[in-house]
Amino acid sequence: MKRIQSNTTSVGWVLLIVLVTDKRVFQTKLKEWLSFRQTCLDELLRHDGRGDYLKGHNCATCQEGEGVFKCLDCFDGGLLRCKACLVAAHHIHPLHRVKEWNGSFFSKTSLHSLGLKIQLGHGEGKCPSLVDALIFCVFDTSGVHKVNVKFCDCGKNGFVARRIQLLRVGWFPATFNRPKTVFTFTCLDLYYELSLQGKTTIYDFYHTILRRTDNLGLERQTYRYAEFHRVVRIWRGLLMLKRAGRGQEPAGAAATAHGELALECPACPHPGRNLPKNWDIPGPLAFLYTLFLAIDANFKLKQKNRGINDPELSPGWAYFVEEGPYQDFIKDYVDQSEINTCQSEHDAIVRATVRSTPGYAVTGTIIVICPHHGLVRKNGAGDLQKGERYCNVDFVVLMALIGIQLLRIVITYDIVCQWSRNFLHRMKEFPEHMWLKPGTQIDVGVPSWHINGHGADCRANYCLGYMDGVGRTCGEEIESSWSQTNALGTSTREMGPGARHETLNDQWGGYNFRKIVGFRKCVRFLKRLREACDMRNKHSEIFKKFSETFSESMREKWEKMLADWNVDPSKPNPYEEPVAPTSLQDVRLELGKEDMAMAADGRGPSIKTTLGSFFMTGLDIEEQQRQICLEAAEMKKSPTSKQQADLDDKRTSLLRRIHRWREVQLVYIPCVGGLLAASLSAAAAGESLPELAESIPLYLPSSLPYHLRCLPEMVLLVDKEQRLRVAQADDALADVCRQRRIISGLWQFKRLNVNGTGNKSNTRMRTLYNPFNLRTQRCADCYRAARQRLVVLDPNGSWCGRLQVLKDEDIRGPGQEDNKKSKGRFEPSWIWLVPRVSSAPDIGDTEEHLDENMRVEWMKSKARMQRWEEEVMLTTEEMRRVISYFEWKASWWRTQGPQRTGLDVDVEEGVTAYAAKQAYLSERMAESCGAHWVPFLLEQGAPLDWTLKYVNAQALGDAEEVEDEEEEEEEEIDDEMASSDGIVLEGGSDG
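Going left to right, the sequence shown walks through residues -27 to -1, 1 to 964 as mature numbering (1 follows the signal peptide of the UniProt record, and there is no 0) numbers them.
Here it is, written out as C-alpha cells:
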C-alpha cells in the first residue's frame, strides 16, 4: 500500500479495495479446500472401481446378466450393465466410450467390438435391404471411434446417396465418393470455436483428439490429419455461406459476389440500409454520413514460398481481394520503389527490414478497417511482396471502396502524406469499375500517435484534430486489430496460399463478430458518448473564456483565415506556428553586425577575432568538453589501447585549442589573467594535479566570480553571453525533441514489424537505437549547462517562464508511451510545449504581435471544442445506424426465406426456418442496443424519433445494468450471444 501514489483517485481506491478483497476471498477458499483435498482425491479414485455395484454383479437394467460394462459418457455412467443391455441402450449413442470390468480394473473396450450396428437413412426400424455393415472411422470430441454403419438402400424414402445419409446424422465425410472416415459436426464446430478464440491450430486439435483416444499410444493410431485439414476448410466455407444467406439465394453459392461473405459494420453508413432520406443533400450535418477508413501493413503475417498450388474455396468472397486480378495488376509494378517515410531519419532501417525476404512469397499483409469501430472491411486485405508499395495499397483500398456512393471518405494511414499525393491520378490506371464515384470528397490524415514522428508540415496539414467533421477520430485502432492475427503468424507462414487466406478470413470474421456483439455494451458507444458530452461542455467553456481575452477584430481575422484554409488548403495554414524562432546562428549573425558597427566606430580591440567569434568558439569548446566527458564515462573500465590512445588524442587537440583561445580571451576579459595565474601557482606548488582538457575552466562571464562579473567593462560581455545562452538552450531543446521523434519512430517500427522475428533483427534495432540515445543525452546536457549559466547571468529574465529544469523523466514522447493511461487524460512533457521566441530588433512586443503568437493556441482550443461537438453528433448518429441496420437486416432475412422454391419439403423448411431465426435474432440485437442506449439519450434531451419504440420498462431496467458494465473489456462477449445469438452474425455456434 505504501507504493500507491498520493494522488490516487477515489475510483482507484475503490477498485484497489475490490481487488484486494477478491484476492483474499480467493485465498480463503483455497485454504478451505485443503481440508477436503483427501476426500476429493478418494472420490476420484472411487470411479475406477465398481462403486455401488461392489457387492452385486447383476445388470442394472435386466437384473439377469452379469453387469461388467459401464459407459463413461452417459449420465448414469456409474451403472453396470450386461453386454446386451449396453448395446441396446446405445443405438442412438454410438460414440459413447465404454469400459469392461476384467476382475481387477476397468479396461477399455468399444461398442463396435461389442457388436453395435447403427442404421442410417431409413428412419425407425430396420432396413430390409441386405447391405452389409461397413466399419467407419468417426472423429468426435470424445476421441476416434470405430462404428459399424448400415446404409439404407431399400428406397423407402427415395434414393438417398450415402454421403447425404451421413450428413443428415451430423457426420461430415472425408470424401464424397466412397467415404469411410467422417468427422462429427460437433467436432468440427468445437475446433472452429477454439480456432477463433484461442488461435488453436489444426495440428494441435487433431493430436488432442488422438490423445483422448489413446494417450499412451499403445494402440495403432488412425492417421487422418490431411483429411481433417481438408474438411475443416470446407466446414469454414460452408458456415460463411450459410450465415451470409447464400443458402436462401436461388442462384446459390456459385453466384456469391466479391466481399459478400464479409461481415459488414452496422455503425458505418450504408445507403439504403441505415441512412435517412435525403442524407445526400449537402449541408452543415453532411459530415455525419462520412465513411472513415484506416490503412496499415503488418510484416509478421508472412508466407513461405513452397510452390504449393493451393486453390482458394472462396476467392475474393470475404476479406482478402481476389488473388488472380490482384496478381495480374501488381506484376506490372515489380520495380516500383517503396514508400518514403516522410521526414523520417530512420528510413534506412525501414527499407532494410521490409525488403523482400528470400524464400518468402508474401512478406506481409495490408488491411483496411473502419477506425471508429475496428471492423475489417470487405475486400480490405491483400498480401505484400516487397514493402508497402503503392500498387498493393491502391488495389486493396479501391477494392474496399467499390460500390461506395457516399459524398465524403476520410482515410487515415501512417504514411498518408506520401501515399495520397497522386492517389486519384494513379486510380486512372485501374479498371473503370474500381474508380471512385465522381465528386467524392477524399480527406486524409495521419493517425494521432504516428503523426508525432512526422515533421512540422505533416503535423500541421495532416492532423486529424484540425480536420472538420471527423470528431475524435484517432486512426490508431487498426494497430490493435493485428493482435488478433499475429499469434497465427508462425502457422500461416507454413500454409499454402488458399489455406492461409481462408484461415485469416475466418479470423477476421470472428473478430468482426465479437466487435458487433460488443456494440451494445457501454464501452464502445455509451461510454464514448458520455465522455464526449462531458468534454464538449468542458471545452466549450474553456474556449469561450480563452476567446474573450482577444479583441473581436483579431477573432474575426482568425475565423476568416480558418475558413479560407478549409476551402482551399493551399492558403496559409492557421495551425502553423509564426515563423519567428531565434536560433544560435541568428544570434551569431546579430552579434556579427554589432561587431561590424563597433569596428566602424573604432571602438573594438585591434585583433582579428571578433567578440562574436570569441564567444562562439568558447561555446564550441565547452560542447567539445562535454562530449569527451561523455565518451570517457561510456568507455569500459579497462579500455583497449586504441580506445585510450584515441581519447588522449582528442584531449591533446582540445588542450591546444584552449590555449589558442586563451590569447583572445585575455584581450576581451583581462580579469581572467589573475584567475589563470592563481591556478598555475597552485599547480606549481603541487597543491593540485594537472587538469584534464575536459575539466579546464573556460572562465566565460557566467563562470566568473560575482565581483568580477559586476565590473563596468563586463556589462556588454554579460549581455552578449546571455543572448547566446538563450539561443543555445532553445537549439538544444529543439534537438532533444528531434531525437525523441526519431527514437519513438524507431521503437514503434520495431514493435510492429521486428518484434518476434528473431534475435538478429532485434539486436540490429538496439544497435541503431544507441547512437540516437547518446545524441539525445548530449543535447540534454547542453541544455542543462546553458540554463545553469542563464540562472547566473539573468536569474529573473523572461526566459524563466519557458525554459524549465530538464529532468530525466521529462525526456519522453512525442505522444503517449504508457498504454495504461487514458489518451484523453495524457499529459505531454513540457519540452513539447515550449514556444520559440524572436529577438530580432525589428519585431517589437506589440499587442498585435503577441496575439499573433497566440493564434495557434486559439485555433487548437477551437478545434478541440469543435471535435468534441462533432463526436457527440457522430456517436449519436452511429447508435441510430446500428439499430437501423439490424432492423433492415431482420426485414432482409424475412424476404430471403421464401426465395428458393422447388426444393424437397424437409430442405425447404430448414431454409425458411433458418431465415426466420436470423430475422428474430437481428430484432433481438436491435432491441438490446435500444435498451442499453435510449435511456441516456433521453436523459440528454435528444429529440430522436427513432428512440420512441425502445422507450419501455425493459429499456429503463437495463439502463441500471449498464452502470455495472462500464469497466468491462471491449472484446468481452456475453454468454447468450456467444452461444446462440451469435448465429445471426459470424463466428457463433450453430449447435
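Backbone N, C-alpha and C fix where the C-beta goes; we use that ideal spot for every residue, glycine too.
Give the secondary structure of Thr173 by DSSP, where H, G and I count as helix, E and B as strand, and everything else as coil. As a first step, residue 173 must be located in the sequence shown, where it is residue number 200. Of the three classes helix, strand and coil, the one that applies to Thr173 here is coil, per DSSP.
Give the DSSP-derived three-state secondary structure of Gln414 in the structure shown. The sequence position of residue 414 within the sequence shown is 441, counting from 1. It is a strand residue.
DSSP state of Lys250 mapped onto helix, strand, coil: The residue labelled residue 250 in the question sits at position 277 within the sequence shown. Residue state, collapsed to three classes: coil.
In three-state DSSP terms, what is Gly24? Taking the sequence shown and counting its residues from 1, the one referred to as residue 24 is at position 51. Correct three-state label for Gly24: helix.
Helix, strand or coil, according to DSSP, for Phe498 in the structure here? Indexing the sequence shown from 1 puts residue 498 at position 525. Three-state result, Phe498: helix.
For Glu449, verify whether its CB is less than 6 Å away from any heavy atom of the ligand NAD. Of ligands this structure carries none, so the ligand NAD is not represented either.
By alpha-carbon positions, which one of Gly647, Arg629 and Leu673 ends up nearest to Leu665? Sequence index remark: in the sequence shown, residue 665 carries index 692 (1-based). Measuring from the Cα of Leu665, the nearest candidate turns out to be Arg629.
So, with DSSP's three-state summary, where would you put Trp861? The residue you call residue 861 lines up with position 888 of the sequence shown. Helix at Trp861.
For Ile65, which of helix, strand or coil comes out of DSSP? Here residue 65 refers to the residue found at position 92 of the sequence shown. In this structure, Ile65 counts as coil in the three-state DSSP scheme.
Could you say if the region 371 to 378 and the region 475 to 482 meet the contact criterion of at least three C-beta pairs nearer than 8 Å? The region 371 to 378 is not in contact with the region 475 to 482.
Taking all protein chains shown into account, decide if Leu583 is buried (16 or more other Cβ within 10 angstroms of its Cβ) or exposed. On the sequence shown, position 610 is the one that residue 583 refers to. Position check: residue 583 holds Thr in this sequence, whereas Leu was assumed. Result: buried.
Going straight from the alpha carbon of Gly50 to that of Lys43, what length do you get? The residue labelled residue 50 in the question sits at position 77 within the sequence shown. The residue labelled residue 43 in the question sits at position 70 within the sequence shown. One C-alpha to the other measures close to 6 Å.
Helix, strand or coil: which one does DSSP assign to Gly50? Stepping through the sequence shown from its first residue, residue 50 is reached at position 77. Three-state result, Gly50: coil.
What residue range does the beta strand (DSSP E) around Val383 cover? Reading the sequence shown from its first residue, position 410 is the one you call residue 383. From DSSP, the beta strand (DSSP E) with Val383 extends over Arg381 to Tyr386.
Taking the runs of the alpha helix (DSSP H) that are 4 residues or longer, which of them lie wholly in the region 99 to 162? Note on the region 99 to 162: whole alpha helix (DSSP H) runs with a minimum of 4 residues are 135 to 141, in chain order.
Inter-stretch contact (C-beta, 8 Å, three-pair minimum) for the region 530 to 550 and the region 422 to 440: Verdict: yes, contact present.
Is Arg350 helix, strand or coil by DSSP? Position 377 of the sequence shown, counted from the start, is the residue given in the question as residue 350. Looking at Arg350 - three-state DSSP - the assignment turns out to be strand.
Is it the case that the Cβ atoms of Ile339 and Ala259 are separated by a distance below 7 Å? Here residue 339 corresponds to residue number 366 of the sequence shown, with the count starting at 1. Here residue 259 corresponds to residue number 286 of the sequence shown, with the count starting at 1. No; because the gap between Cβ atoms is not below 7 Å, this pair is not in contact.
For Thr590 and Pro542, what's the separation of their Cα atoms in angstroms? Numbered from its first residue, the sequence shown carries residue 590 at position 617. Numbered from its first residue, the sequence shown carries residue 542 at position 569. Within the model, the alpha-carbon separation for Thr590 versus Pro542 is close to 44 Å.
Quick check: what's the CA-CA separation for Asp301 versus Trp803? Indexing the sequence shown from 1 puts residue 301 at position 328. Indexing the sequence shown from 1 puts residue 803 at position 830. For the pair Asp301 and Trp803, the Cα-to-Cα distance works out to about 52 Å.
Of all the options Ser393, Phe124, Asp367 and Met508, which has the alpha carbon lying nearest to the alpha carbon of Glu402? Along the sequence shown, one-based indexing puts residue 402 at 429. Distances from the alpha-carbon of Glu402 to those of Ser393, Phe124, Asp367 and Met508 put Asp367 closest.
Let me check understanding here. Comparing Cα to Cα, which of Gly88, Leu140 and Glu39 lies closest to Ala61? Position 88 of the sequence shown, counted from the first residue, corresponds to residue 61. When each option's Cα is compared against that of Ala61, the closest is Gly88.
Simplified DSSP assignment, three categories, for Ala553: Stepping through the sequence shown from its first residue, residue 553 is reached at position 580. Its pLDDT being 45, under 50, Ala553 is placed unreliably by the model, and the measurement read from it follows with that caveat. The answer is coil: DSSP assigns Ala553 none of H, G, I, E or B.
If we count the other Cβ atoms within 10 Å of its Cβ and call it buried at 16 or more, is Asp12 buried or exposed? Taking the first residue of the sequence shown as position 1, residue 12 is located at position 39. Per the sequence shown, the amino acid found at residue 12 is Thr instead of Asp. So Thr12 ends up on the exposed side.
Where Arg497 and Arg711 are concerned, what is the direct C-alpha to C-alpha distance, given to the nearest angstrom? As a working mapping, residue 497 is identified with position 524 in the sequence shown. As a working mapping, residue 711 is identified with position 738 in the sequence shown. Arg497 and Arg711: Cα-Cα distance of roughly 36 Å.
Classify Trp6: buried if its beta carbon has 16 or more other beta carbons within 10 angstroms, exposed otherwise. Numbered from 1 along the sequence shown, position 33 holds the residue referred to as residue 6. Classification for Trp6: exposed.
Taking contact to mean 3 or more Cβ pairs, one atom from each stretch, closer than 8 Å, check whether the region 346 to 360 and the region 447 to 465 are in contact. With the cut-off at 8 Å, the region 346 to 360 and the region 447 to 465 touch.
Based on the DSSP secondary-structure assignment, which residues constitute the bridge partners of Ser80? Counted from its first residue, the sequence shown places residue 80 at position 107. The partner list for Ser80 (beta bridge, DSSP) reads Glu73.
Just tell me which of Glu782, Ser676 and Leu45 has its CA closest to the CA of Glu758. Locating residue 758 in the sequence shown gives position 785, where the first residue counts as 1. The sequence shown places Ala at residue 758, not Glu. The option with the nearest alpha carbon to Ala758 is Ser676.
According to DSSP, is Phe523 part of a helix, a strand, or is it coil? The residue labelled residue 523 in the question sits at position 550 within the sequence shown. Phe523 falls in the coil class under three-state DSSP.
Rounded to the nearest angstrom, what separates Leu211 and Thr157 at their Cα positions? Your numbering for residue 211 matches position 238 in the sequence shown. Your numbering for residue 157 matches position 184 in the sequence shown. Going by the C-alpha atoms only, they are around 15 Å apart.
Under the assumption that Lys277 contacts Gly462 (Cβ atoms under 8 Å), give the Cβ distance between them as a whole number of angstroms. Within the sequence shown, residue 277 is the residue found at index 304, counting from 1. Within the sequence shown, residue 462 is the residue found at index 489, counting from 1. Contact check for Lys277 and Gly462: beta-carbon distance about 12 Å, past the 8 Å limit, so the pair fails to qualify.
To which residues does DSSP link Val878 through a beta bridge? One-based indexing of the sequence shown puts residue 878 at position 905. Bridge pairing for Val878: absent [DSSP].
DSSP beta-bridge partners for residue 973? Limits of the chain in this structure are -27 at one end and 964 at the other, which puts residue 973 out of reach.
Bridge partners for Lys277 per DSSP, in chain order? Here residue 277 refers to the residue found at position 304 when the sequence shown is read from its first residue. Tyr333.
Simplified DSSP state of Leu266, which is helix, strand or coil: For this step, residue 266 is matched to residue 293 along the sequence shown. Leu266: strand per DSSP, three-state reduction.
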